[in-house]
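In this note's numbering, the protein residues as written are 444 to 549. From the three backbone atoms N, C-alpha and C, an ideal C-beta is built for every residue, glycine too.
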């Protein structure tokens, strides 16, 4: 019994490592797939770019940090993000009020 208890953590970590590698392989298989029809590569690339934009992958790739960002730049980026959030909230409020008025028939 002690032998099993002794090796149990090793067995569990190995099995979780195997599961992690399997899930990693599955994640790499996911993604955007585009068919190239009639050898039209330009059309396929345009379609792939459109799919990347709509799914948000392009934004994730762009936002991936590849170098150090100074604190002053971080503050500017944070301020711009806050402004976008506030502007989006204001827009949604205005849109909601317009839709409410339209539903009421005013």
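Which class does residue i belong to by DSSP, given the choice of helix, strand or coil?
{"i": "residue 478", "result": "coil"}
{"i": "residue 490", "result": "helix"}
{"i": "residue 509", "result": "coil"}
What first and last residue would you give for the alpha helix (DSSP H) that runs through residue i?
{"i": "residue 514", "result": "514 to 547"}
{"i": "residue 501", "result": "500 to 506"}
By alpha-carbon positions, which one of the options ends up nearest to residue i?
{"i": "residue 493", "options": "533, 475, 532, 541", "result": "475"}
Round the Cβ separation of residue i and residue j to the nearest angstrom and send it over; I've been treating them as touching at under 8 Å.
{"i": "residue 489", "j": "residue 479", "result": "Rounded, the Cβ-Cβ distance is 12 Å, inconsistent with contact."}
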